[in-house]
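Residue numbers (my numbering): 447 to 549.
C-beta: ideal position from N, C-alpha, C; glycine also.
Only one structure is covered here, and it is reproduced in the block below.
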Ligand SMILES: NC(=O)c1ccc[n+]([C@@H]2O[C@H](COP(=O)([O-])OP(=O)(O)OC[C@H]3O[C@@H](n4cnc5c(N)ncnc54)[C@H](O)[C@@H]3O)[C@@H](O)[C@H]2O)c1
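Quick look at the structure:
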């Protein structure tokens, strides 16, 4: 069975993708720090939800184990004043540390 990891999969886009993939018979794993996830998005996803951040290499390393593909949707999407926008949030350390853990 195909196994897909969706980072930020408890968010708006990721949870919809998770639902569609699960309906297509894909095994879905989610890595989300739940910083912006809504309860209604997470409910009934039928996915393996793992609480962790893409900025933490150990969490990423565990989450990617055995998956066939990764869809990266973790984002601080709605917070314009968030540190990420100023260059210090998850988007910035992810390429430096998270991607390294994906190897
Ligand atoms: N919603 C849209 O209409 C839309 C359209 C085009 C592009 N996008 C892009 O798609 C992506 C996802 O958007 P969305 O609307 O689903 O946002 P969202 O805020 O609903 O989901 C983002 C998820 O990422 C999680 N997250 C944040 N920081 C994290 C971290 N460090 N580690 C793990 N998880 C973390 C949040 O808890 C949340 O569940 C963004 O890059 C956004 O710009 C969204």
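*Quick one: residues with CB closer than 6 angstroms to any heavy atom of ligand 1, in chain order, please.*
453, 454, 456, 457, 458, 459, 460, 477, 478, 479, 480, 481, 482, 483, 499, 500, 501, 519, 520, 521, 522, 523, 524 and 536
_Please state whether the Cβ-Cβ distance between residue 478 and residue 520 is less than 8 angstroms._
yes
_Rounded straight-line distance, which links the Cα of residue 487 to that of residue 458_ = 7 angstroms
*According to the Cβ coordinates, are residue 451 and residue 500 closer than 8 angstroms?*
no
*Cα separation between residue 506 and residue 449?*
15 angstroms
_Secondary structure, beta strand (DSSP E): runs of 3+ residues fully inside the stretch 467-520_ = 473-478, 494-497 and 515-518
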